[in-house]
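Input: a single structure, listed below in structure tokens.
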């Protein structure tokens with residue numbers, strides 16, 4: 200088929216088949232028309248085939264399921280380990296707090312004993328050796 204371009208150039212004509220072959224050389228299985236792509240056609244079977252994603256076999260699906268299960272177990276184990284570590288840390292902090300309270304209580308008791316001895320000495324009830332000067336005769340040491 201030949202196309203005449205304009206009235207000014209009557210000798211010039213274009214062969215559409217030649218233009219198509221120059222623009223899209225050796226394209227198999229595609230039909231082009233006016234710049235748009237047609238459907239994909241399988242050369243061997245002669246049927247149109249829709250575009251599909253990858254297909255997986257039963258083996259691959261089972262492997263993916265095993266991997267998924269393994270990841271879930273790993274995540275569960277890590278979560279349990281974090282919770283156990285948090286519980287251990289909490290118990291350790293509680294023990295440290297209890298030890299500190301015990302030390303403070305002992306410090307208070309010691310301070311009270313020292314203050315009581317100072318008062319008794321100031322009142323003259325105790326001598327310098329921290330012995331009672333009362334007639335009962337019992338000693339504080």
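Numbering (the working numbering), first residue to last: 200 to 340.
Cβ atoms here follow ideal geometry from the backbone N, Cα and C, with glycine treated the same way.
Annotated as proximal: residue 316 and residue 325, with beta-carbon spacing under 8 Å. Take the alpha-carbon of residue 268 and the one of residue 283: they are about 22 Å apart. Note on geometry: alpha-carbon atoms of residue 289 and residue 279 lie some 15 Å from one another. For residue 316, the enclosing alpha helix (DSSP H) starts and ends at 257–321. Cβ neighbours of residue 307 within its own chain (closer than 8 Å, five residues either side excluded): none.
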